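*Asks:* Once you've had a glance at the structure underneath, I'll fire off some questions.
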Amino acid sequence: MDSLELQKNFHTVYKDFFNTHNIVLSGDGVLTWGADISHGVSALRIKQKLPIKTFCGVNFNTSGKITFRTVFHYSSVENVFKEDKFAVFFKYDVERITLFLQNFLTENGFSGGMEIDFLAETPRGHGFSFSGVISVLLTYLLYIVTGKLDPKVLKGGEFSVDDPIFNELYCSTLNLSHCISLGKSTGASNFTVMIPNTSLPVVYISKKNAINHTDDICTTDNDMKTISSSETAVYKNVITNFLGMDNAANWELPLDYGIIFTGMEYNMFGEIELKKEGAKRENDHLDAFVSDMIRLLPVKDEDRTILSDLLRFDKSEISRKNIDSTNLKILEGFDYLLKNSYNENALNAFINTMKNIGFMSFSYQKENRLFFALQYLFYQYRQFEDEEIGIIPFNTGKIGGSFFFVMKDKRSRTTLQKVLEHLQDDNHIISLDYASWRDGFSSDGVQLRQFITEKIYSDYTKEGNIFFTDSSGMSYFGNYDSVIENEKDCILLDTISGRIYIRGTKLTSKDIHSQNTTIDMMKILLENLGKEVSNTKLPVSTYSQNKNEILGKVVLPLKKLAKEYFGEELSLICSGGITDYYLRLERDESIRIGIIKKIWN
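Using my numbering, the first residue of the sequence shown is number -1, and each one after it goes up by one.
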């Protein structure tokens, strides 16, 4: 199900997310064409954006800390949005990601705190490059809040890949991706998420050293190590450019393709580490055998060196070459399809290539019974002899996850539906996460959906035109009645009705003589927390002209009420002479002060 359909069917979920966050960014999910066998191994990748989005929601506070809270994620199996802690998805990475963000913010002069949530139209592990999208969204966030990227520029129109800021952002996303992916990110998904104004597949060829970074970028000091553009990729552009085609606007494949989720769980990093350890043991064992054998041979020392190089065993290098060769076959298939008017031989050859890649994957993983069940049932249910399907297990280097499939355009949709229904009837947790003919494509780059404090609003926030902000830095949009109801643990200044609430109790004129004057004064003090404000900066009134008046009618009554309701002293200080005085409101975590105001009439 694509993003627009989900937003229509789950309007309240999206509205609540937007209305409770100051900043909201979005980025597309990414499909991998071909083998995704060994995480971060292959140099050649073919990627394509899909209309399945992840949203990053952010609120500011004064804590100086980065806090990851919740991931709301759509379950295609149950057709509901679920809620999990961020750590459930990134339990191995939370500390590393947080440290990276803190270091970047500190280096660039941002001392505030942030609370970060995500709304994902698919969870991690379904084959949509979730980690890459998260890396890109967090990097854009860092650049926006530190002033390195003007939010109005991003909102006004996506900048070109030729813009210097695009390249700088792209390199920064790789720094963060290496924190998430154990130094094994090629950067292909990051680039694909970022590139604007195209729905075409992207060809990405990384330099060998770009896929072997270690985790030293996520250091505990503030001298962040960086990746330059020259270190990352030899080539990155849309497939039509790679194939020398000019008609990019009319480019279309005569294929149906999509992603089937199997419902299988996997321990991604645990499996990766086990495979890495196993490969290392195998390499070490063979290297030791070769060394012992060569040592006993009656040859010259220089010949021993030559023999060592010739017989050196490197399983990861063999894996990389195998994967790159299969991806080259896919590119060759694209080229043949496009330049031979989509003839039947070209179609069959392309699907056969995808089949072979699927079977090849089992040299790297345990056999998957659902893979064979899908193949068998497809040919049992097909209505026409020329129906064909190519299936590739996704996340095969991680065990479990999803299947990528390719079929002839409009030929086998009914057959596939019967296969899925058969498996569901057999109690398999299985769903069609993405279908090209149903969900379409996306040409979006990263989008700034809203930034309330910069007066950038989404359609969702315009539905609830009440804006709330407080002394801790939190802010959000909402319905008037719900804000009044929910904000009962603070001093609430209601600029709409001119009333003050303390712990949900509406004050009367007996409590504070002029609530409007108090609200106007407190608004100015909140904007200048910790600073002295001259009475000449206060709204003109009889109170502002005389220190005794402001003390007797506003300051002391408010301090008395705060003590009564919170058991704490409100840090509101009045100093100076009778007609020339100063007010100062100190930061105080024990008494929160909130303001609500109406943005639109």
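Just so it is clear, CB atoms sit at the ideal spot from N, CA and C, and this is done for glycine as well.
Note that this is a predicted model, so its numbers are computed, not measured.
1. Roughly how many angstroms lie between the CA atoms of L549 and Y141, to the nearest whole one?
2. Work out the CA separation of G107 and F357 for me, nearest whole Å.
3. For the alpha helix (DSSP H) that contains F564, what are its first and last residues?
4. Let me know the secondary structure DSSP gives M405 once reduced to three states.
5. Could you check whether S183 and S170 sit closer than 8 angstroms to each other, using their CB atoms as the reference points?
6. Can you give, in chain order, each stretch of the alpha helix (DSSP H) that sits fully within the stretch -1 to 32 and has at least 4 residues?
7. Would you kindly report the start and end of the unbroken beta strand (DSSP E) that includes N235?
8. Using a 10 Å radius around the Cβ and a threshold of 16 neighbouring Cβ atoms, would you call A247 buried or exposed?
9. Quick one, which of D578, K529, L524, K416 has its alpha-carbon nearest D541's?
10. Candidates T516, E113, Y499: which alpha carbon is nearest L570's?
11. Exposed or buried, what is I576 when buried is set at 16 or more other beta-carbons lying within 10 Å of its beta-carbon?
12. How is S197 classed by DSSP in three states: helix, strand or coil?
13. Going straight from the alpha carbon of G268 to that of A286, what length do you get?
14. If you count every other CB in all the chains shown that lies within 10 Å of the CB of G125, and 16 or more means buried, which is it?
15. Residue range of the alpha helix (DSSP H) that T144 falls in?
16. Alpha helix (DSSP H) containing V481: first to last residue?
17. Taking the alpha carbon of S197 as the reference point, which residue from L295, K45, T303 has its own alpha carbon closest?
18. Can the beta-carbon of G443 be found less than 8 angstroms from the beta-carbon of I193?
19. Output the boundary residues of the beta strand (DSSP E) element that contains T171.
20. Check whether the stretch 156 to 170 touches the stretch 106 to 120, counting contact only when three or more Cβ pairs, one atom from each stretch, lie closer than 8 angstroms.
21. According to the Cβ coordinates, are F53 and V69 closer than 8 angstroms?
22. Hey, is the stretch 441 to 455 in contact with the stretch 16 to 24, meaning 3+ C-beta pairs nearer than 8 angstroms?
23. Who pairs with R43 in a beta bridge, going by DSSP?
24. Since I428 and F259 should fall inside the 8 angstroms C-beta cutoff, what is the C-beta to C-beta distance between them, to a whole number of angstroms?
25. Using 8 angstroms as the cut-off, can you tell me whether the stretch 6 to 22 makes contact with the stretch 461 to 478, which would need three or more C-beta pairs spanning the two stretches below that distance?
26. Compute the Euclidean distance between the alpha carbons of F376 and Y168, then round it to the nearest angstrom.
27. Where does V444 sit, in a helix, a strand or coil, going by DSSP?
28. S1 to G438, Cα distance in whole Å?
29. Over what stretch of residues does the alpha helix (DSSP H) that includes Y377 continue unbroken?
30. Could you give the first and the last residue of the continuous beta strand (DSSP E) run that contains V531?
31. Can you round the beta-carbon distance between D282 and K408 to whole angstroms, since I take them to be within the 8 angstroms contact cut?
32. From G62, V78, N57, pick the residue whose C-alpha is nearest to that of H9; which is it?
33. I'd like to know whether the C-beta atoms of I600 and F401 end up nearer to each other than 8 angstroms.
34. Determine the DSSP secondary structure at T577, reduced to helix, strand or coil.
35. Which residues in the same chain as N546 place their Cβ atom closer than 7 angstroms to its Cβ, once the five residues preceding and following it in sequence are excluded?
36. Between which two residues does the beta strand (DSSP E) harbouring D431 extend?
*Replies:* In brief:
1. As a working mapping, residue 549 is identified with position 551 in the sequence shown. As a working mapping, residue 141 is identified with position 143 in the sequence shown. Each residue's CA atom was taken as its position, placing L549 and Y141 some 44 angstroms apart.
2. Against the sequence shown, residue 357 aligns to sequence position 359. Against the sequence shown, residue 107 aligns to sequence position 109. Going from the Cα of F357 to the Cα of G107 covers about 52 angstroms.
3. To locate residue 564, count along the sequence shown from 1; it is residue 566. Unbroken alpha helix (DSSP H) run through F564: 554 to 564.
4. Taking the first residue of the sequence shown as position 1, residue 405 is located at position 407. The answer is strand: DSSP assigns M405 an E or B state.
5. Against the sequence shown, residue 170 aligns to sequence position 172. Against the sequence shown, residue 183 aligns to sequence position 185. No, Cβ-Cβ distance for S170 and S183 is not below 8 angstroms.
6. For the stretch -1 to 32, the full-length alpha helix (DSSP H) segments reaching 4 residues or more read 1 to 7, 9 to 17 along the chain.
7. Taking the sequence shown and counting its residues from 1, one reaches residue 235 at position 237. Unbroken beta strand (DSSP E) run through N235: 231 to 236.
8. On the sequence shown, residue 247 is found 249 positions in, with the first residue counted as 1. Since pLDDT at A247 reaches only 46, below the 50 mark, its modelled position is unreliable, and the value read off the structure follows with that caveat. Under this definition A247 is an exposed residue.
9. Looking up residue 541 in the sequence shown gives position 543. Residue identity differs from the one stated: residue 541 is Tyr in this sequence, not Asp. It is D578 whose Cα lies nearest to the Cα of Y541.
10. Taking the first residue of the sequence shown as position 1, residue 570 is located at position 572. Considering only alpha carbons, the answer is T516.
11. Working through the sequence shown from its first residue, we reach residue 576 at position 578. Counting Cβ neighbours within 10 Å, I576 comes out exposed, since fewer than 16 surround it.
12. Taking the first residue of the sequence shown as 1, we reach residue 197 at position 199. Residue state for S197 is assigned as coil, using DSSP reduced to three classes.
13. As a first step, residue 268 must be located in the sequence shown, where it is residue number 270. As a first step, residue 286 must be located in the sequence shown, where it is residue number 288. With a pLDDT of only 45 at G268, under 50, the local geometry of the prediction cannot be trusted, and the value read off the model is given with reservation. Distance between the alpha carbons of G268 and A286 is about 27 angstroms.
14. Within the sequence shown, residue 125 is the residue found at index 127, counting from 1. Counting Cβ neighbours within 10 Å, G125 comes out buried, since at least 16 surround it.
15. Start at 1 with the first residue of the sequence shown, and residue 144 comes out as number 146. Here T144 belongs to no alpha helix (DSSP H), and DSSP marks it neither H nor E.
16. Counted from its first residue, the sequence shown places residue 481 at position 483. First-last of the alpha helix (DSSP H) with V481: 478 to 484.
17. Position 199 of the sequence shown, counting from 1, holds the residue named residue 197. Checked all of L295, K45, T303; the closest Cα to S197 is K45.
18. Counting from 1 along the sequence shown, the entry for residue 443 is found at position 445. Counting from 1 along the sequence shown, the entry for residue 193 is found at position 195. Yes, the pair counts as a contact, with Cβ atoms nearer than the cut-off.
19. Indexing the sequence shown from 1 puts residue 171 at position 173. Boundaries for T171: no beta strand (DSSP E) harbours it, while the alpha helix (DSSP H) harbouring it runs 162 to 178, taken from the DSSP string.
20. Flag = no, the stretch 156 to 170 and the stretch 106 to 120 do not touch.
21. Position 55 of the sequence shown, counted from the first residue, corresponds to residue 53. Position 71 of the sequence shown, counted from the first residue, corresponds to residue 69. No, the pair does not count as a contact, with Cβ atoms beyond the cut-off.
22. A contact exists between the stretch 441 to 455 and the stretch 16 to 24.
23. Here residue 43 refers to the residue found at position 45 when the sequence shown is read from its first residue. According to DSSP, residue pairing for R43 in a beta bridge involves Y202.
24. Numbered from 1 along the sequence shown, position 430 holds the residue referred to as residue 428. Numbered from 1 along the sequence shown, position 261 holds the residue referred to as residue 259. With a contact defined as Cβ atoms closer than 8 angstroms, I428 and F259 qualify at about 7 angstroms.
25. The stretch 6 to 22 vs the stretch 461 to 478: in contact.
26. Counting from 1 along the sequence shown, the entry for residue 376 is found at position 378. Counting from 1 along the sequence shown, the entry for residue 168 is found at position 170. Between F376 and Y168, the C-alpha separation is close to 41 angstroms.
27. The residue given as residue 444 occupies position 446 in the sequence shown. V444: coil per DSSP, three-state reduction.
28. Numbered from 1 along the sequence shown, position 3 holds the residue referred to as residue 1. Numbered from 1 along the sequence shown, position 440 holds the residue referred to as residue 438. Rounded to whole angstroms, S1 to G438 spans 10 angstroms at the Cα level.
29. Within the sequence shown, residue 377 is the residue found at index 379, counting from 1. Annotation: the continuous alpha helix (DSSP H) that includes Y377 extends over 367 to 379.
30. Residue numbering aside, residue 531 sits at position 533 when the sequence shown is read from its first letter. Unbroken beta strand (DSSP E) run through V531: 530 to 532.
31. Residue mapping note: residue 282 aligns to position 284 of the sequence shown, counting from 1. Residue mapping note: residue 408 aligns to position 410 of the sequence shown, counting from 1. Under the criterion of beta carbons closer than 8 angstroms, D282 and K408 do not qualify as touching, at roughly 52 angstroms.
32. As a first step, residue 9 is located in the sequence shown; it is residue number 11 there, counting from the start. Looking at the Cα atoms, V78 is the closest of the given residues.
33. This structure leaves residue 600 out entirely; the chain is present only between -1 and 599.
34. As a working mapping, residue 577 is identified with position 579 in the sequence shown. Of the three classes helix, strand and coil, the one that applies to T577 here is coil, per DSSP.
35. Residue numbering aside, residue 546 sits at position 548 when the sequence shown is read from its first letter. The residues are I576.
36. Position 433 of the sequence shown, counted from the start, is the residue given in the question as residue 431. Residues 429 to 433.
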